[in-house]
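See structure below.
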Amino acid sequence: MAEITIGDLLTWEPRLAPFHDGFSAETGQLADEDREVTWVVTVRASQPVLPPLRGGELVIVPQRTLEDTGISLPELLREIASRGATGIVFDTPFEVPDGLVRLISDPIPVDLESDVNRLLTEQRGAIYRAGTELDRTLQQANSLGVDVEQVLKSASTYLDMDVTVVGPNADVIASSASQNGHEPRLRPVNGTRVWNDAYYGTRLTGNEMLWIGPVRSDRRALTRLVADRLAVAVETALAHAIEVRPRGNARSIALSGLLATAASDAARGAASLGLPANGAYRVVLSSNPTDRIAMQRELAPYGAVHDAADFDAYAATLVEVRGRSRSPEPERKPYLHPTSARPSTPHSRWIAISGPVLGASQIPEAARQARFVAALIEHQLIEGETLRFDRVADVGVYRLLYPLWGSPELEAFATDALGKLLTADRRGTLRSTLLAYLEAGGSQVEAAARLGVHRNTLSYRLKQIGTLTGAEPINPASHLALHMALLASMLPPAP
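Just so we're aligned: 359 in our numbering is position 357 of the sequence shown, and the numbers increase by one with no gaps anywhere.
Here's what the structure looks like:
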(Lines of atoms letter the chains of each structure in order from A; the text may use other names.)
(Lines give C-alpha, C1' and ligand atoms only; values in the text may rest on other atoms or scores of the structure.)
Protein backbone atom coordinates (compact mmCIF):
# COMPACT_ATOMS: atom_id res chain seq x y z
CA MET A 3 0.00 0.00 0.00
CA ALA A 4 1.38 3.39 -1.01
CA GLU A 5 2.25 5.73 1.84
CA ILE A 6 1.97 8.91 -0.22
CA THR A 7 0.48 9.03 -3.70
CA ILE A 8 0.39 11.37 -6.66
CA GLY A 9 -3.08 12.44 -5.57
CA ASP A 10 -1.81 13.34 -2.09
CA LEU A 11 1.09 15.36 -3.48
CA LEU A 12 -1.16 17.30 -5.85
CA THR A 13 -3.37 18.22 -2.90
CA TRP A 14 -0.46 19.47 -0.80
CA GLU A 15 1.70 21.17 -3.47
CA PRO A 16 -0.21 23.78 -5.54
CA ARG A 17 2.74 24.37 -7.91
CA LEU A 18 2.26 20.90 -9.41
CA ALA A 19 -0.61 20.05 -11.71
CA PRO A 20 -1.49 16.97 -13.75
CA PHE A 21 -0.90 17.27 -17.45
CA HIS A 22 -4.33 17.14 -19.07
CA ASP A 23 -3.65 14.05 -21.22
CA GLY A 24 -3.30 12.03 -18.01
CA PHE A 25 -6.90 12.67 -17.10
CA SER A 26 -9.99 10.63 -17.82
CA ALA A 27 -12.46 12.66 -19.88
CA GLU A 28 -15.40 11.18 -17.96
CA THR A 29 -14.26 11.62 -14.37
CA GLY A 30 -11.70 14.40 -14.58
CA GLN A 31 -9.43 12.40 -12.27
CA LEU A 32 -5.80 11.54 -12.87
CA ALA A 33 -5.61 7.96 -14.06
CA ASP A 34 -2.46 7.30 -12.01
CA GLU A 35 -3.36 9.35 -8.91
CA ASP A 36 -2.88 6.28 -6.68
CA ARG A 37 0.73 5.73 -7.80
CA GLU A 38 3.24 6.00 -4.97
CA VAL A 39 5.63 8.93 -4.57
CA THR A 40 8.72 8.26 -2.46
CA TRP A 41 11.07 11.15 -3.32
CA VAL A 42 11.80 13.85 -5.84
CA VAL A 43 15.03 14.20 -7.87
CA THR A 44 16.13 16.55 -10.65
CA VAL A 45 17.92 15.81 -13.90
CA ARG A 46 21.45 17.29 -13.87
CA ALA A 47 23.27 19.00 -16.68
CA SER A 48 26.52 17.19 -15.77
CA GLN A 49 27.26 13.50 -15.34
CA PRO A 50 25.68 11.54 -13.84
CA VAL A 51 22.56 13.04 -15.38
CA LEU A 52 20.29 10.90 -13.20
CA PRO A 53 20.89 10.49 -9.47
CA PRO A 54 20.40 6.97 -8.04
CA LEU A 55 16.76 5.85 -8.23
CA ARG A 56 15.24 3.20 -5.94
CA GLY A 57 11.71 3.31 -7.34
CA GLY A 58 8.70 5.54 -6.83
CA GLU A 59 10.50 8.85 -7.49
CA LEU A 60 9.28 11.87 -9.39
CA VAL A 61 11.98 13.14 -11.74
CA ILE A 62 12.04 16.87 -12.50
CA VAL A 63 13.07 17.46 -16.12
CA PRO A 64 13.55 21.21 -16.76
CA GLN A 65 13.74 22.10 -20.44
CA ARG A 66 16.84 24.26 -19.92
CA THR A 67 18.71 21.44 -18.20
CA LEU A 68 17.64 18.90 -20.80
CA GLU A 69 19.24 20.99 -23.53
CA ASP A 70 22.55 21.06 -21.60
CA THR A 71 22.82 17.30 -21.04
CA GLY A 72 23.52 16.38 -24.61
CA ILE A 73 21.38 13.26 -24.17
CA SER A 74 18.41 12.67 -26.44
CA LEU A 75 15.03 13.02 -24.75
CA PRO A 76 13.72 9.53 -25.71
CA GLU A 77 16.88 7.91 -24.31
CA LEU A 78 16.60 9.84 -21.03
CA LEU A 79 12.92 9.00 -20.60
CA ARG A 80 13.53 5.30 -21.30
CA GLU A 81 16.24 5.30 -18.64
CA ILE A 82 13.92 7.01 -16.12
CA ALA A 83 11.15 4.49 -16.80
CA SER A 84 13.52 1.50 -16.57
CA ARG A 85 14.66 2.50 -13.07
CA GLY A 86 11.14 2.30 -11.60
CA ALA A 87 10.37 6.01 -11.36
CA THR A 88 6.73 6.95 -10.88
CA GLY A 89 6.68 9.95 -13.21
CA ILE A 90 8.22 13.16 -14.39
CA VAL A 91 7.66 16.87 -13.83
CA PHE A 92 8.25 19.08 -16.87
CA ASP A 93 7.73 22.69 -17.86
CA THR A 94 7.45 21.98 -21.59
CA PRO A 95 5.16 19.11 -22.66
CA PHE A 96 6.69 16.29 -24.70
CA GLU A 97 5.98 12.67 -25.48
CA VAL A 98 6.42 10.39 -22.46
CA PRO A 99 6.62 6.56 -22.43
CA ASP A 100 3.66 4.67 -21.05
CA GLY A 101 3.92 3.98 -17.34
CA LEU A 102 5.22 7.40 -16.34
CA VAL A 103 2.87 9.89 -14.71
CA ARG A 104 3.13 13.34 -16.27
CA LEU A 105 2.97 16.44 -14.08
CA ILE A 106 3.59 20.00 -15.16
CA SER A 107 5.02 23.00 -13.33
CA ASP A 108 5.46 26.09 -15.45
CA PRO A 109 7.89 27.50 -14.61
CA ILE A 110 9.84 25.00 -12.54
CA PRO A 111 11.19 26.86 -9.46
CA VAL A 112 14.82 26.24 -8.62
CA ASP A 113 13.84 25.13 -5.11
CA LEU A 114 11.03 22.78 -6.19
CA GLU A 115 13.00 19.60 -5.43
CA SER A 116 14.00 20.65 -1.92
CA ASP A 117 10.57 22.08 -1.13
CA VAL A 118 8.70 18.95 -2.22
CA ASN A 119 11.12 16.62 -0.42
CA ARG A 120 10.77 18.68 2.75
CA LEU A 121 6.99 18.51 2.35
CA LEU A 122 7.09 14.71 1.90
CA THR A 123 9.28 14.32 4.99
CA GLU A 124 7.04 16.51 7.13
CA GLN A 125 3.87 14.79 5.97
CA ARG A 126 5.33 11.33 6.58
CA GLY A 127 6.34 12.35 10.09
CA ALA A 128 2.91 13.78 10.86
CA ILE A 129 1.17 10.70 9.49
CA TYR A 130 3.36 8.30 11.47
CA ARG A 131 2.88 10.27 14.68
CA ALA A 132 -0.88 10.33 14.20
CA GLY A 133 -0.91 6.63 13.39
CA THR A 134 1.14 5.80 16.48
CA GLU A 135 -1.13 7.85 18.73
CA LEU A 136 -4.26 6.25 17.26
CA ASP A 137 -2.67 2.83 17.63
CA ARG A 138 -2.12 3.54 21.33
CA THR A 139 -5.76 4.62 21.70
CA LEU A 140 -7.05 1.50 19.96
CA GLN A 141 -4.83 -0.84 21.97
CA GLN A 142 -6.11 0.71 25.17
CA ALA A 143 -9.71 0.24 24.02
CA ASN A 144 -9.07 -3.40 23.10
CA SER A 145 -7.35 -4.07 26.42
CA LEU A 146 -10.46 -2.83 28.25
CA GLY A 147 -12.64 -5.21 26.22
CA VAL A 148 -14.92 -2.49 24.87
CA ASP A 149 -17.43 -3.27 22.13
CA VAL A 150 -17.01 -2.49 18.45
CA GLU A 151 -19.08 0.68 18.58
CA GLN A 152 -16.87 2.15 21.31
CA VAL A 153 -13.75 1.30 19.29
CA LEU A 154 -15.24 3.10 16.29
CA LYS A 155 -16.20 6.12 18.37
CA SER A 156 -12.71 6.33 19.85
CA ALA A 157 -11.21 6.29 16.36
CA SER A 158 -13.80 8.74 15.07
CA THR A 159 -13.09 11.20 17.86
CA TYR A 160 -9.36 11.10 17.15
CA LEU A 161 -9.66 11.23 13.36
CA ASP A 162 -12.65 13.59 13.25
CA MET A 163 -14.24 11.25 10.69
CA ASP A 164 -17.06 8.74 10.95
CA VAL A 165 -16.19 5.04 10.92
CA THR A 166 -18.67 2.32 10.00
CA VAL A 167 -18.55 -1.48 9.77
CA VAL A 168 -20.85 -2.93 7.11
CA GLY A 169 -21.69 -6.63 6.91
CA PRO A 170 -21.67 -8.82 3.78
CA ASN A 171 -25.39 -8.11 3.27
CA ALA A 172 -24.93 -4.32 3.47
CA ASP A 173 -26.24 -4.27 7.04
CA VAL A 174 -24.56 -1.78 9.37
CA ILE A 175 -22.93 -3.78 12.16
CA ALA A 176 -21.66 -0.76 14.08
CA SER A 177 -21.03 2.89 13.39
CA SER A 178 -19.70 5.97 15.10
CA ALA A 179 -22.34 7.98 13.25
CA SER A 180 -25.86 8.52 14.52
CA GLN A 181 -28.40 5.76 13.87
CA ASN A 182 -29.21 5.44 10.15
CA GLY A 183 -26.89 8.36 9.50
CA HIS A 184 -24.49 6.30 7.38
CA GLU A 185 -24.24 6.92 3.67
CA PRO A 186 -26.02 4.44 1.35
CA ARG A 187 -22.75 4.02 -0.57
CA LEU A 188 -21.25 2.20 2.41
CA ARG A 189 -21.75 -1.30 1.10
CA PRO A 190 -19.58 -4.33 0.39
CA VAL A 191 -17.50 -3.88 -2.78
CA ASN A 192 -14.93 -5.88 -4.65
CA GLY A 193 -11.34 -5.51 -3.55
CA THR A 194 -9.59 -5.39 -0.21
CA ARG A 195 -8.93 -1.63 -0.23
CA VAL A 196 -10.97 0.84 -2.22
CA TRP A 197 -11.93 4.48 -2.48
CA ASN A 198 -15.62 5.16 -3.06
CA ASP A 199 -16.00 8.89 -3.57
CA ALA A 200 -14.84 10.46 -0.28
CA TYR A 201 -14.99 7.16 1.66
CA TYR A 202 -12.16 4.67 2.11
CA GLY A 203 -13.00 1.03 2.65
CA THR A 204 -10.91 -1.94 3.73
CA ARG A 205 -12.13 -5.52 3.92
CA LEU A 206 -11.99 -7.38 7.23
CA THR A 207 -11.23 -11.08 7.60
CA GLY A 208 -14.92 -11.93 8.06
CA ASN A 209 -15.82 -10.19 4.76
CA GLU A 210 -17.16 -7.13 6.57
CA MET A 211 -16.15 -3.75 5.17
CA LEU A 212 -14.67 -1.01 7.33
CA TRP A 213 -15.50 2.42 5.92
CA ILE A 214 -13.88 5.70 6.97
CA GLY A 215 -15.20 9.03 5.83
CA PRO A 216 -16.03 11.38 4.42
CA VAL A 217 -12.29 12.01 4.06
CA ARG A 218 -10.89 15.40 3.15
CA SER A 219 -8.48 15.30 0.23
CA ASP A 220 -5.56 16.42 2.42
CA ARG A 221 -6.12 13.49 4.83
CA ARG A 222 -6.29 10.62 2.36
CA ALA A 223 -2.72 9.49 3.10
CA LEU A 224 -3.42 9.39 6.85
CA THR A 225 -6.63 7.47 6.23
CA ARG A 226 -4.87 4.78 4.20
CA LEU A 227 -2.25 4.36 6.92
CA VAL A 228 -4.64 4.10 9.87
CA ALA A 229 -7.22 1.94 8.08
CA ASP A 230 -5.21 -1.26 8.54
CA ARG A 231 -4.50 -0.50 12.21
CA LEU A 232 -8.14 0.30 12.81
CA ALA A 233 -9.17 -2.88 11.00
CA VAL A 234 -7.07 -4.96 13.42
CA ALA A 235 -8.68 -3.24 16.42
CA VAL A 236 -12.18 -3.77 15.00
CA GLU A 237 -11.52 -7.45 14.32
CA THR A 238 -10.25 -7.84 17.88
CA ALA A 239 -13.40 -6.19 19.25
CA LEU A 240 -15.63 -8.34 17.02
CA ALA A 241 -13.90 -11.51 18.20
CA HIS A 242 -14.22 -10.41 21.83
CA ALA A 243 -17.92 -9.64 21.33
CA ILE A 244 -18.49 -13.17 20.02
CA GLU A 245 -16.64 -14.67 22.99
CA VAL A 246 -18.67 -12.79 25.60
CA ARG A 247 -21.99 -12.89 23.75
CA PRO A 248 -24.70 -14.40 25.99
CA ARG A 249 -26.06 -17.76 24.93
CA GLY A 250 -28.97 -19.99 25.83
CA ASN A 251 -31.05 -18.80 28.75
CA ALA A 252 -28.77 -15.82 29.35
CA ARG A 253 -29.43 -14.64 25.79
CA SER A 254 -33.19 -14.97 26.26
CA ILE A 255 -33.02 -12.89 29.44
CA ALA A 256 -30.87 -10.28 27.68
CA LEU A 257 -33.35 -10.10 24.79
CA SER A 258 -36.20 -9.59 27.22
CA GLY A 259 -34.28 -6.78 28.89
CA LEU A 260 -33.66 -5.21 25.49
CA LEU A 261 -37.41 -4.84 24.96
CA ALA A 262 -37.74 -2.49 27.93
CA THR A 263 -34.47 -0.58 27.65
CA ALA A 264 -34.15 3.05 26.61
CA ALA A 265 -33.85 3.69 22.88
CA SER A 266 -30.44 5.30 23.43
CA ASP A 267 -29.10 2.04 24.90
CA ALA A 268 -30.95 -0.36 22.62
CA ALA A 269 -28.48 -0.23 19.72
CA ARG A 270 -25.55 -1.13 21.97
CA GLY A 271 -27.55 -3.91 23.64
CA ALA A 272 -28.54 -5.31 20.26
CA ALA A 273 -24.93 -5.24 19.07
CA SER A 274 -23.84 -7.26 22.11
CA LEU A 275 -26.40 -9.89 21.08
CA GLY A 276 -25.22 -9.98 17.47
CA LEU A 277 -28.27 -8.17 16.08
CA PRO A 278 -27.68 -5.86 13.08
CA ALA A 279 -27.82 -2.18 13.98
CA ASN A 280 -29.92 -1.30 10.92
CA GLY A 281 -32.03 -4.47 10.80
CA ALA A 282 -35.82 -4.51 10.64
CA TYR A 283 -37.59 -6.02 13.64
CA ARG A 284 -40.96 -7.00 15.07
CA VAL A 285 -41.72 -7.83 18.69
CA VAL A 286 -44.27 -10.53 19.42
CA LEU A 287 -46.12 -11.24 22.67
CA SER A 288 -48.23 -14.33 23.23
CA SER A 289 -50.69 -15.39 25.90
CA ASN A 290 -49.30 -18.94 25.88
CA PRO A 291 -45.73 -18.99 27.24
CA THR A 292 -45.51 -22.79 27.23
CA ASP A 293 -45.81 -23.70 23.55
CA ARG A 294 -42.68 -22.01 22.22
CA ILE A 295 -42.17 -24.48 19.37
CA ALA A 296 -45.61 -23.81 17.90
CA MET A 297 -45.05 -20.08 18.23
CA GLN A 298 -41.74 -20.29 16.36
CA ARG A 299 -43.40 -22.19 13.51
CA GLU A 300 -46.15 -19.60 13.27
CA LEU A 301 -43.71 -16.69 13.24
CA ALA A 302 -41.17 -18.23 10.85
CA PRO A 303 -42.71 -16.57 7.74
CA TYR A 304 -41.97 -13.17 9.26
CA GLY A 305 -38.20 -13.74 9.53
CA ALA A 306 -35.56 -15.07 11.94
CA VAL A 307 -37.11 -15.82 15.34
CA HIS A 308 -35.18 -14.99 18.54
CA ASP A 309 -36.70 -16.32 21.76
CA ALA A 310 -36.79 -13.94 24.72
CA ALA A 311 -37.61 -14.58 28.34
CA ASP A 312 -41.18 -13.89 29.47
CA PHE A 313 -42.04 -10.20 29.29
CA ASP A 314 -45.01 -8.70 31.16
CA ALA A 315 -46.04 -12.31 31.95
CA TYR A 316 -46.31 -12.98 28.21
CA ALA A 317 -44.16 -15.17 26.00
CA ALA A 318 -41.91 -12.71 24.16
CA THR A 319 -40.17 -13.13 20.83
CA LEU A 320 -38.03 -10.83 18.71
CA VAL A 321 -38.36 -11.34 14.96
CA GLU A 322 -35.57 -10.14 12.70
CA VAL A 323 -37.35 -9.37 9.44
CA ARG A 324 -35.42 -10.68 6.44
CA GLY A 325 -35.64 -9.58 2.83
CA ARG A 326 -38.69 -7.94 1.31
CA SER A 327 -41.19 -10.70 1.86
CA ARG A 328 -44.68 -9.57 2.79
CA SER A 329 -46.07 -10.44 6.18
CA PRO A 330 -48.41 -13.44 6.10
CA GLU A 331 -52.12 -12.70 6.16
CA PRO A 332 -54.27 -14.66 8.61
CA GLU A 333 -57.02 -16.74 7.04
CA ARG A 334 -59.65 -15.23 9.33
CA LYS A 335 -59.52 -11.47 9.70
CA PRO A 336 -59.63 -10.31 13.32
CA TYR A 337 -62.11 -7.57 14.08
CA LEU A 338 -63.22 -5.06 16.64
CA HIS A 339 -66.19 -6.26 18.61
CA PRO A 340 -69.48 -4.43 18.48
CA THR A 341 -70.65 -3.56 21.96
CA SER A 342 -73.20 -6.35 22.22
CA ALA A 343 -70.72 -9.01 21.09
CA ARG A 344 -67.75 -8.28 23.33
CA PRO A 345 -66.78 -11.44 25.23
CA SER A 346 -66.47 -11.56 28.98
CA THR A 347 -62.95 -13.00 28.71
CA PRO A 348 -60.25 -12.66 26.02
CA HIS A 349 -59.48 -15.47 23.59
CA SER A 350 -57.66 -18.34 25.30
CA ARG A 351 -54.68 -18.07 22.94
CA TRP A 352 -53.61 -14.95 21.11
CA ILE A 353 -50.51 -13.44 19.55
CA ALA A 354 -49.86 -9.69 19.50
CA ILE A 355 -47.38 -8.52 16.84
CA SER A 356 -45.85 -5.07 16.55
CA GLY A 357 -45.40 -3.23 13.31
CA PRO A 358 -41.97 -3.48 11.65
CA VAL A 359 -39.38 -1.00 12.93
CA LEU A 360 -36.08 -0.11 11.29
CA GLY A 361 -32.95 -0.09 13.41
CA ALA A 362 -32.03 -1.83 16.64
CA SER A 363 -32.60 1.38 18.58
CA GLN A 364 -36.31 1.08 17.72
CA ILE A 365 -36.76 -2.38 19.27
CA PRO A 366 -38.20 -0.89 22.53
CA GLU A 367 -40.74 1.00 20.40
CA ALA A 368 -41.75 -2.28 18.73
CA ALA A 369 -42.13 -3.82 22.19
CA ARG A 370 -44.41 -0.96 23.22
CA GLN A 371 -46.56 -1.52 20.14
CA ALA A 372 -46.88 -5.22 20.96
CA ARG A 373 -47.77 -4.38 24.58
CA PHE A 374 -50.44 -1.99 23.29
CA VAL A 375 -52.04 -4.71 21.17
CA ALA A 376 -51.80 -7.22 24.03
CA ALA A 377 -53.45 -4.75 26.43
CA LEU A 378 -56.31 -4.16 23.98
CA ILE A 379 -56.88 -7.91 23.77
CA GLU A 380 -56.73 -8.41 27.53
CA HIS A 381 -59.32 -5.65 28.04
CA GLN A 382 -61.61 -7.18 25.40
CA LEU A 383 -61.39 -4.13 23.17
CA ILE A 384 -60.33 -6.22 20.15
CA GLU A 385 -60.50 -9.93 19.50
CA GLY A 386 -58.63 -12.45 17.39
CA GLU A 387 -55.88 -15.05 17.46
CA THR A 388 -53.07 -13.23 15.61
CA LEU A 389 -53.30 -9.45 15.74
CA ARG A 390 -50.84 -7.01 14.15
CA PHE A 391 -50.33 -3.41 15.14
CA ASP A 392 -49.78 -2.40 11.51
CA ARG A 393 -53.11 -3.86 10.28
CA VAL A 394 -56.05 -1.47 10.56
CA ALA A 395 -58.38 -4.47 10.37
CA ASP A 396 -56.82 -5.71 13.62
CA VAL A 397 -56.64 -2.62 15.83
CA GLY A 398 -58.86 -0.13 14.02
CA VAL A 399 -58.92 3.44 15.31
CA TYR A 400 -56.93 2.43 18.39
CA ARG A 401 -53.78 2.70 16.26
CA LEU A 402 -54.57 6.38 15.80
CA LEU A 403 -54.74 6.78 19.58
CA TYR A 404 -51.50 4.87 20.18
CA PRO A 405 -49.07 7.85 19.97
CA LEU A 406 -51.02 9.52 22.81
CA TRP A 407 -51.38 6.35 24.88
CA GLY A 408 -50.85 7.24 28.53
CA SER A 409 -50.32 10.93 27.79
CA PRO A 410 -51.90 13.80 29.77
CA GLU A 411 -53.14 15.25 26.47
CA LEU A 412 -55.29 12.21 25.71
CA GLU A 413 -56.66 12.07 29.24
CA ALA A 414 -57.49 15.79 29.09
CA PHE A 415 -59.27 15.34 25.76
CA ALA A 416 -61.42 12.48 27.09
CA THR A 417 -62.27 14.47 30.22
CA ASP A 418 -63.20 17.60 28.26
CA ALA A 419 -65.31 15.72 25.71
CA LEU A 420 -67.16 13.46 28.18
CA GLY A 421 -67.50 15.95 31.02
CA LYS A 422 -69.12 14.53 34.13
CA LEU A 423 -70.00 11.25 32.40
CA LEU A 424 -66.76 9.59 33.52
CA THR A 425 -67.35 10.24 37.22
CA ALA A 426 -71.16 10.08 37.40
CA ASP A 427 -71.55 6.84 35.43
CA ARG A 428 -69.87 4.57 37.99
CA ARG A 429 -71.35 1.33 36.63
CA GLY A 430 -70.57 2.25 33.03
CA THR A 431 -74.16 1.82 31.82
CA LEU A 432 -74.37 5.21 30.14
CA ARG A 433 -70.95 4.83 28.50
CA SER A 434 -71.91 1.42 27.11
CA THR A 435 -75.13 2.94 25.83
CA LEU A 436 -73.33 5.83 24.15
CA LEU A 437 -70.76 3.50 22.58
CA ALA A 438 -73.46 1.19 21.21
CA TYR A 439 -75.35 4.16 19.82
CA LEU A 440 -72.25 5.55 18.11
CA GLU A 441 -71.21 2.14 16.75
CA ALA A 442 -74.72 1.83 15.29
CA GLY A 443 -74.12 5.01 13.34
CA GLY A 444 -76.67 6.98 15.34
CA SER A 445 -79.49 4.51 14.71
CA GLN A 446 -81.61 4.26 17.85
CA VAL A 447 -83.37 1.14 16.56
CA GLU A 448 -80.11 -0.75 16.03
CA ALA A 449 -78.57 0.56 19.24
CA ALA A 450 -81.59 -0.54 21.30
CA ALA A 451 -81.39 -3.97 19.69
CA ARG A 452 -77.70 -4.27 20.50
CA LEU A 453 -78.28 -3.29 24.11
CA GLY A 454 -81.46 -5.35 24.49
CA VAL A 455 -83.46 -2.39 25.84
CA HIS A 456 -86.61 -0.56 24.79
CA ARG A 457 -86.22 2.50 22.57
CA ASN A 458 -87.75 4.69 25.27
CA THR A 459 -85.07 3.50 27.69
CA LEU A 460 -82.41 4.34 25.11
CA SER A 461 -83.88 7.83 24.57
CA TYR A 462 -83.90 8.47 28.31
CA ARG A 463 -80.27 7.42 28.63
CA LEU A 464 -79.23 9.60 25.71
CA LYS A 465 -80.83 12.60 27.41
CA GLN A 466 -78.86 11.82 30.57
CA ILE A 467 -75.69 11.55 28.50
CA GLY A 468 -76.37 14.91 26.91
CA THR A 469 -76.82 16.51 30.32
CA LEU A 470 -73.57 15.04 31.69
CA THR A 471 -71.39 15.68 28.62
CA GLY A 472 -72.82 19.01 27.56
CA ALA A 473 -72.95 17.64 24.00
CA GLU A 474 -76.12 16.47 22.27
CA PRO A 475 -75.48 12.81 21.32
CA ILE A 476 -78.21 12.79 18.67
CA ASN A 477 -76.40 15.60 16.84
CA PRO A 478 -74.15 13.95 14.19
CA ALA A 479 -71.61 16.76 14.57
CA SER A 480 -70.81 15.56 18.10
CA HIS A 481 -70.40 11.88 17.21
CA LEU A 482 -66.70 11.87 16.26
CA ALA A 483 -65.45 13.69 19.36
CA LEU A 484 -67.64 11.60 21.69
CA HIS A 485 -66.60 8.34 20.02
CA MET A 486 -62.87 9.13 20.14
CA ALA A 487 -63.14 10.29 23.74
CA LEU A 488 -64.98 7.10 24.74
CA LEU A 489 -62.34 4.89 23.11
CA ALA A 490 -59.58 6.94 24.73
CA SER A 491 -61.18 6.56 28.16
CA MET A 492 -61.38 2.79 27.67
CA LEU A 493 -57.67 2.37 26.89
CA PRO A 494 -55.77 0.26 29.43
CA PRO A 495 -53.05 2.01 31.45
CA ALA A 496 -49.77 2.54 29.62
CA PRO A 497 -46.72 0.67 30.96
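Beta carbons: idealized from backbone N, C-alpha and C, even for Gly.
Residue burial classification, residue i (beta-carbon count within 10 angstroms, cutoff 16)
i	result
D108	exposed
H308	buried
E96	In the sequence as presented, Glu is not what sits at residue 96; that position holds Phe. Under this definition F96 is an exposed residue.
P54	exposed
S74	exposed
T194	exposed
K422	exposed
Y130	exposed
L11	buried
T471	buried
E333	Low confidence applies to E333: its pLDDT is 43, below 50, so where it sits in the model is not reliable enough to give any reading.
G203	buried
V1	Not covered by the structure: residue 1. The range shown for the chain is 3 to 497.
E151	buried
Y304	buried
V174	buried
P278	buried
I244	exposed
R283	Per the sequence presented here, residue 283 reads as Tyr, with Arg not at that position. By the neighbour-count rule (16 or more Cβ atoms within 10 Å), Y283 is buried.
Whole-angstrom distance between residue j and residue i, CA atom to CA atom
i	j	result
S258	A362	14 angstroms
R428	R351	31 angstroms
V45	D220	29 angstroms
P410	P494	14 angstroms
L212	G72	53 angstroms
L168	S178	First, the amino acid is wrong: residue 168 is Val here, not Leu. Computed Cα separation, rounded: 12 angstroms.
Q446	R401	28 angstroms
T207	G386	48 angstroms
G444	G454	16 angstroms
L383	G281	32 angstroms
L535	I106	The structure shown does not extend to residue 535, since the chain is modelled only from 3 through 497, so no value can be given for it.
T7	E38	4 angstroms
A354	F391	8 angstroms
V91	D162	34 angstroms
E474	A376	34 angstroms
G133	V153	15 angstroms
V246	A272	13 angstroms
R56	V112	23 angstroms
Beta-bridge pairing of residue i - partner residues as DSSP gives them
i	result
H308	L320
A354	L287 and L389
N198	Y201
F313	Y316
V359	Y283
L482	None, per the DSSP bridge assignment.
I129	DSSP lists no partner for I129.
I106	A19 and F92
V174	V168
T44	I62
T527	For residue 527 there is no data in the structure shown, the boundaries of the chain being 3 and 497.
Residue i, DSSP secondary structure in three states
i	result
W213	strand
P20	strand
V165	strand
T88	coil
L493	coil
A451	helix
S445	coil
T207	coil
E38	strand
E97	coil
S409	coil
E115	helix
G430	coil
K155	helix
Q371	helix
D149	coil
Q466	helix
I384	coil
E124	helix
I476	coil
V399	coil
Every unbroken alpha helix (DSSP H) inside the region 48-83 [4 residues or more]:
Here the runs fully enclosed are 65-71.
What are the start and end residues of each continuous alpha helix (DSSP H) run of 4 or more residues lying completely inside the region 235-275, in chain order?
Segments of the alpha helix (DSSP H) lying fully in the region 235-275: 251-261 and 265-274.
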